[in-house]
Structures are given as C-alpha cells and as structure tokens.
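Here the structure is laid out as structure tokens; the discussion comes afterwards.
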Amino acid sequence: MEIHLIWAEDKNGGIGCNGKLPWYIPEDLKNFKSITVNSTIIMGRKTWDSLPVKPLPNRNNIILSSKKQSGGITFNSLDNCINYLNEKKIDKVFIIGGRSIYKIFFKIAKYLHISFISKNNQNINEYFPINQSVIKNHFKKIKSQNLCKDATYTLWLKK
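Here it is in structure tokens:
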C-alpha cells in the first residue's frame, strides 16, 4: 500500500490557524481535489471537524478518532485502520491531517505532496511536525509546479 501525505505549508512550516487553513488559495484547493478525488483519505477528528463539507465528495473518508464520527468511516486505532485498508485491498491512501496524524504516517510514507505557500499569516498556530531538513534527508523532490503566484506544488519520493 502506498502512503501519500498531502499538505500546504508556509515558509515557517505553518499549516493551520485555530483549526482552519490559514489561507484561501483556490488553485491549491483545486490541485488537492484533483490529486485526492476517487481515493481514500485519512484524517484525524480535528481535521474532520474543520471540513466545510462532510464527507469530502468522491473520496473514501476515514477518520482516526476515539469517538464515532458520522459521515465517514471511523477507526479508534491505527491497527484497525490498517487492517481495514488491507482487507479492502486499498493500494493508495492520502493522509490529509492533522499534525499528529502526519507524524504517525510520516515514517511509512512513500510520497509527500507539499504545496509551499508564500502568503504570510501572523495567526498560524499549527506547524507541520517534521522539518524540511528531515524531509530532504529522506525524500527526493521529483516534481515542482507553480500553481499561482502564492503556491508552488511539489512531489517528493522516499529515497
């Protein structure tokens, strides 16, 4: 099974502001949708709560949470989630957040999809749990694409 992490971050590794995205960049959201549509996505409860539409359409939404969440498939443990994915023969999943979920899956990820955001937001209070030097030591950038003046999409493959 291929594990893909996907997120957007600013130059300081900021990814969130009070449980929400700290910016609105339509081109990046469109890119996220085109990458994850018709796939399985995994998220934590806080990310699930932050979604404007639940579940995200045309995706198999999985939530890791101690409490059942309506609208998606909920697992209270990583082992139960992995067993489900294996039973269903799901060969590719996208981890969409948040911080603790990224940290859990980082070591077993094959691909990283990172959008680098040039907009500054002083209110950011959530940061990606792995710094860029660690990413560069373990992954090789294989694609870079300017989405707009404020966002550059990159794809990284585990070395």
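Just so you know, we're using my numbering here: the sequence shown kicks off at 13 and counts up by one. Ideal Cβ positions, reconstructed from N, Cα and C, are used throughout, including at glycine.
As assigned by DSSP and simplified to three states, the class of residue i
i, result
"Val146", "helix"
"Ile74", "strand"
"Lys115", "helix"
"Tyr96", "helix"
"Ser46", "helix"
"Trp35", "coil"
"Ser156", "strand"
"Lys58", "helix"
"Leu90", "helix"
Residue i Cβ short of 7 Å to the ligand ADP heavy atom set
i, result
"Tyr114", "For the ligand ADP, the structure offers nothing, since it holds no ligand at all."
Spatial distance of residue i from residue j (CA atoms)
i, j, result
"Ser62", "Lys32", "6 Å"
"Phe117", "Ile18", "11 Å"
"Gly4", "Cys93", "Residue 4 is absent from the structure shown; the chain starts at 13 and stops at 171."
"Asn43", "Lys79", "31 Å"
"Ile120", "Ser145", "18 Å"
"Gln81", "His16", "23 Å"
"Ala20", "Arg71", "19 Å"
"Thr48", "Phe106", "7 Å"
Expected contact under 8 Å - CB spacing of residue i and residue j to nearest Å
i, j, result
"Glu39", "Leu159", "4 Å"
"Phe140", "Lys171", "About 19 Å; that fails the 8 Å criterion."
"Leu169", "Ile154", "5 Å"
"Thr59", "Gly110", "5 Å"
"Pro67", "Gly83", "5 Å"
Contacting residues, own chain, Cβ-Cβ under 7 Å from residue i (five flanking each side not counted)
i, result
"Ser156", "Thr164, Thr166"
Beta-carbon proximity list for residue i, same chain, < 8 Å, skipping 5 on both sides
i, result
"Asn98", "Met13"
"Cys29", "Asn133, Asn135, Ile136, Asn137, Glu138"
"Asn24", "Ile136, Tyr139"
Contacts around residue i, its chain only, beta-carbon distance under 6 Å, and the 5 residues preceding and following it disregarded
i, result
"Asp74", "Sequence check: residue 74 is Ile here, not Asp. Contacts found: Ile54, Ile85."
"Ile126", "Thr166"
"Ser77", "Arg57, Thr86"
"Asn149", "none"
Residues that DSSP places opposite residue i in a beta bridge
i, result
"Trp19", "Ile126"
"Ile120", "According to DSSP, which records beta bridges pairwise, Ile120 is partnered with nothing at all."
"Lys170", "Phe151"
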